[in-house]
Every structure is written in C-alpha cells, then in structure tokens.
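Here the numbering used here is used: the first residue of the sequence shown is 795, the next is one more, and so on.
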Amino acid sequence: MSDANATTPRVFIARHGETEWTISGQCTGNADIPLTENGEKQSKGTGEKLVGRGKLIDPAKLAHVFCSPRQRAIKTLDLLLGEDAKGTLESEKKLSITDDITEWDYGIYEGITPAQIKAQRADKDLPKWDIWTMGCPGGESPIQVQDRVDRLISNIKKIQKPFMHGGPAPDVLIVAHGHILRAFTKRWLEWDMGFPFTMMMEPGAIGVLSYAHHNIAEPAVLVGMAFPTTG
795 MSDANATTPR VFIARHGETE WTISGQCTGN ADIPLTENGE KQSKGTGEKL
845 VGRGKLIDPA KLAHVFCSPR QRAIKTLDLL LGEDAKGTLE SEKKLSITDD
895 ITEWDYGIYE GITPAQIKAQ RADKDLPKWD IWTMGCPGGE SPIQVQDRVD
945 RLISNIKKIQ KPFMHGGPAP DVLIVAHGHI LRAFTKRWLE WDMGFPFTMM
995 MEPGAIGVLS YAHHNIAEPA VLVGMAFPTT G
C-alpha cells in the first residue's frame, strides 16, 4: 500500500462520562466514583454514533485499548465499545487496564473545587496555583505524571510503528480522565508539562492524535478529519 492510500495510525483519547464531581467541579483523582445516569447516556450515545464498523472508531482496527482502572473509566469503555467488541479485544489480549493512565493524584486538593483551592492559597499567602508547574501538595508532581504518560507513549509507539505505512489494525484507544489526557497530549507533542497550551475536554468527549507524514517521529494532533464513508 502506498503512503498516499495508507491510513496513518491514530490514538483516540476518550474522557469518561459525567460524574457528580464533574458537575460540581470537584477535583477527582483517586476517588472512585461512578458515572451519573446522564454520564452513562453520554458514553452510550457517543459509542452509538462514533464506534462500530465503518465509523470513526472501528473496533476491528484497534491494535490495543488502554483504560484507567477507575470505575468511571471502565464503565465508559463498556458503553463505548459494547459487550461483544470488548470481549473480542479481551480474548485477543488487546485490552490493558493500567495505572499509567489514572487521573492526576490531587493530594490535599482531592474533592475540592478550584475556587476553594484559590481561597485556601490566598489565606496562606501562597502564589496562584498552576497544576502544570506546581503539581499537587500531597499528591503527584508534574514530573511524576510525565513519567507515567511517557511510559505509555513509548508503549503505544512500539505498537504502532509497524503500521506507519498501512496495516490491518493500526489504531489505539485510551479511556481515562481530563487532566491526565491533557498531560498525555502535551507529552505526545513532546512539549514540557508547563507549556502554556490551554485544552478543554468535556465529559464523554473523544480527541484524536496521530502522526504527520506517516512518520513515527512526527507526532501530531488531528485538529480536523474526514469521517469514514460507506458504499
């Protein structure tokens, strides 16, 4: 297959659906809370629209799936893929539940809102909080998070490198959390964790990363893409 016709491998990053704490804005790291009813509807709806044969994410074209062990992520994965597709991936050993993609450990900020963090720091005459450069007191530093996502990126590139010029199942799906997926994106682009790049990722959202020019050394963000056509 020529490069002109080959499909460059993609990495789909999916954030879990809505939880009670995404509604309230509370930092949700290690807390293992479930999806809301609406969060389940979000994830199921996304799966119905975007996952399946001939759709954006075709389970038959997935080389591997990585999922956070938190129940909100696992439930989202179940609803996105459906029982049959998930079972096939498990039987083919293409599904990994891994701590490398758990949410940032927020330490003492777990369960409170950014507004509360701001007030706490103001009371103690501390500088404005920036998770990307400061990390979380009692939780993870930026370098600790970077080490985790760098390890995962290395694994993904090993999986996808043979498919740079076409292949039967080149794609990877990650199901995880808002901050860790933004950290993953920064490191995918080989930026420092503190690089000032604002990203938004709504509950239940899916983003797409890939490579430019079919080159493993040119990681890229797909800011626009054509959807598959049938017939």
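By construction, the Cβ of each residue, glycine as well, lies at the ideal position given by its N, Cα and C atoms.
query: Rounded separation between Trp926 and Lys849 - CA only; result: 35 Å
query: Extent of the continuous alpha helix (DSSP H) to which Arg942 belongs; result: Pro936 to Gln954
query: Short Cβ contact (9 Å threshold) for His810 with Trp898; result: no
query: Span separating the alpha-carbon of Ile902 from that of Cys930; result: 7 Å
query: Distance CB(Arg942)-CB(Asp894) smaller than 9 Å; result: yes
query: Per-residue burial, Gln938 [other beta carbons within 10 Å of its own, 16 or more giving buried]; result: exposed
query: Residue of Glu812, Gly833, Trp815 and Ala857 minimising C-alpha distance to Ile968; result: Ala857
query: Distance, Lys912 Cα to Lys918 Cα; result: 10 Å
query: Short Cβ contact (9 Å threshold) for Thr830 with Glu812; result: yes
query: DSSP three-state assignment for Ser862, whether helix, strand or coil; result: coil
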